[in-house]
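Notes to accompany the following structure.
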Amino acid sequence: MDVVDVRVAAAVGIFAALLSAVVVVRSWAAKERAWDRLAASAGPVRPPEAGLSLYELAFLAYPDGPGAVLGVALVRMHAEQRLTLRSQGVGFHRFEVADPVPRDEVEAALLKRLAEEAGRLPTALGPHDRSGPPWDELHRRLVTDGLLGERGLPDGVPADAPEVLAWTAACVRVNRTRARVLAGLWAAGAATALLSGAWLLLAVHVAASPALSFLGRRPTRVQGLRTTEAGEAAVRAARAAPPASEEAQVLLRVAVGGMEAVPYGHPLWPTPGR
């Protein structure tokens, strides 16, 4: 290999490396612009002083939110004598429904479960079905108000928003274009190094070019939920507010602690071993 071949190979390698860096930077900038458009689609955040319903508090504060939401409905309906505790067993209660007309979708879900299980419910009440209308409505409202966040998305943007589809499509287009351009540059650089016998340049090019394809990536898949800072502030404000009555105190305890938080002496207090 003569000096001219080395110089040509080096020039091609430098050009390919610089162009690859430009492609990576431009693709990263395009994704950032798409992310900024997505974040700008979020509405205003609900302030802590606006308050939370007990259902919203349960969904945010308790690790098994839907179970605590059902618990709030159960304790409230029992206090209002719309259902009656008939018997207790080890780890379960049996109820009789006096008023089968639900006042909201959570009560409808609870009454449906009671009907399906012949009035029997476990004392550690968990969610019957997370995909039903009560959970979908609560979930979306809390996300839209900036209190609950979808991991991988800006606060205030629900996963089913049309803007998320547009953002995902934009990221896919950028990734596809970047992959094609980098693949072409990698092939050109590798071929030049191979033909000119610049083995060190070839080794560096083979090692560096694939690594560039992973730079500047931003995850595009939604994974799970998280309580936002605004959501945590709203929960703290709700827990600090003095309850208006003893019944309200019990409901607050259930909202933040599930059915396990029912106070001793309450008819629905779980009695292990009974």
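According to the working numbering, the sequence shown is numbered sequentially starting from -6.
Note that the Cβ used here is the ideal one computed from N, Cα and C, for glycine as well.
No experiment lies behind these values; they were computed from the predicted model shown.
For H71 versus P260, is the C-beta distance shorter than 9 Å? To locate residue 71, count along the sequence shown from 1; it is residue 78. To locate residue 260, count along the sequence shown from 1; it is residue 267. Yes. Within cutoff.
When the distance is taken between beta carbons, is A248 closer than 9 Å to G64? Translated into positions along the sequence shown, residue 64 becomes position 71. Translated into positions along the sequence shown, residue 248 becomes position 255. Yes, Cβ-Cβ distance for G64 and A248 is below 9 Å.
What residue does the beta strand (DSSP E) around L114 start on, and which one ends it? As a position in the sequence shown, residue 114 is number 121, starting the count at 1. Taken as a continuous stretch (DSSP letters only), the beta strand (DSSP E) holding L114 covers R113 to P115.
Quick check: the region 106 to 116 against the region 15 to 35, are at least 3 beta-carbon pairs closer than 8 Å? no
Over what stretch of residues does the beta strand (DSSP E) that includes T221 continue unbroken? As a first step, residue 221 must be located in the sequence shown, where it is residue number 228. From DSSP, T221 is part of no beta strand (DSSP E); its letter is neither H nor E.
With three or more beta-carbon pairs closer than 8 Å as the criterion, would you say the region 140 to 153 touches the region 30 to 40? yes
For R79, which three-state DSSP category applies? One-based indexing of the sequence shown puts residue 79 at position 86. Here R79 sits in strand by DSSP.
So is A51 buried or exposed if we call it buried at 16+ other beta carbons inside 10 Å? Against the sequence shown, residue 51 aligns to sequence position 58. Buried, by the Cβ-count rule.
Starting from the C-beta of V(-4), find all residues in its chain whose C-beta is less than 6 Å away, skip the five residues before and the five after it, and write them out in chain order. Counted from its first residue, the sequence shown places residue -4 at position 3. Bear in mind that the predicted position of V(-4) carries a pLDDT of just 48, short of 50, making it too unreliable to give a figure here.
Are the region 78 to 97 and the region 153 to 169 touching by the rule of at least three beta carbon pairs closer than 8 Å? no
Within this structure, are the beta carbons of A61 and M252 separated by less than 9 Å? Numbered from 1 along the sequence shown, position 68 holds the residue referred to as residue 61. Numbered from 1 along the sequence shown, position 259 holds the residue referred to as residue 252. Yes.
Is the separation between the beta-carbon of G139 and that of L218 shorter than 9 Å? Numbered from its first residue, the sequence shown carries residue 139 at position 146. Numbered from its first residue, the sequence shown carries residue 218 at position 225. No; because the gap between Cβ atoms is not below 9 Å, this pair is not in contact.
Just to confirm before moving on: does the CB-CB distance between L135 and L103 stay below 9 Å? For the purposes of this step, residue 135 is taken as residue 142 along the sequence shown, with counting starting at 1. For the purposes of this step, residue 103 is taken as residue 110 along the sequence shown, with counting starting at 1. In this structure, L103 does not lie closer than 9 Å to L135 by Cβ.
Kindly list the residues whose CB is nearer than 8 Å to the CB of T170, restricted to its own chain and excluding five residues on each side of it in sequence; keep chain order. By 1-based counting over the sequence shown, the position of residue 170 is 177. Hits under 8 Å: S20.
Along the beta strand (DSSP E) that carries R87, what are the first and last residues, could you check? Taking the sequence shown and counting its residues from 1, one reaches residue 87 at position 94. Per DSSP, R87 belongs to the beta strand (DSSP E) from F85 to V90.
Whole angstroms are fine: how far does the CA of L11 sit from the CA of L45? Residue mapping note: residue 45 aligns to position 52 of the sequence shown, counting from 1. Residue mapping note: residue 11 aligns to position 18 of the sequence shown, counting from 1. If you take the alpha carbons of L45 and L11, they lie about 54 Å apart.
Is it buried or exposed for E304, if we count other Cβ within 10 angstroms and need 16 for buried? The shown model of the chain, from -6 to 267, leaves out residue 304, and the question about it has no answer.
Test item: CB-CB of D97 and P59 under 9 Å: Looking up residue 97 in the sequence shown gives position 104. Looking up residue 59 in the sequence shown gives position 66. No; because the gap between Cβ atoms is not below 9 Å, this pair is not in contact.
Excluding the 5 residues preceding and the 5 following G269 in the sequence, name in chain order all residues of the same chain whose CB lies nearer than 8 Å to its CB. Outside the displayed span of the chain (-6 to 267) sits residue 269, for which this structure offers no information.
Would E73 be called buried (16 or more neighbouring beta carbons within 10 Å of its own) or exposed? Start at 1 with the first residue of the sequence shown, and residue 73 comes out as number 80. Per the 10 Å Cβ criterion, exposed.
What are the boundary residues of the beta strand (DSSP E) that includes V250? Mapped onto the sequence shown, residue 250 falls at position 257. The sequence given here has Gly at residue 250, not Val. Here G250 belongs to no beta strand (DSSP E); instead the alpha helix (DSSP H) covers E239 to G250.
Rounded to the nearest angstrom, what separates G224 and A163 at their Cα positions? Indexing the sequence shown from 1 puts residue 224 at position 231. Indexing the sequence shown from 1 puts residue 163 at position 170. Whole-angstrom Cα-Cα distance: 30 Å.
CB of L244 within 9 Å of CB of P236, strictly: Stepping through the sequence shown from its first residue, residue 244 is reached at position 251. Stepping through the sequence shown from its first residue, residue 236 is reached at position 243. The answer is yes: Cβ separation under 9 Å.
Considering Cα atoms alone, identify which of L178, V255, T220 and L76 is closest to V38. For the purposes of this step, residue 38 is taken as the residue at position 45 of the sequence shown. Ranking the options by Cα distance to V38, first place goes to T220.
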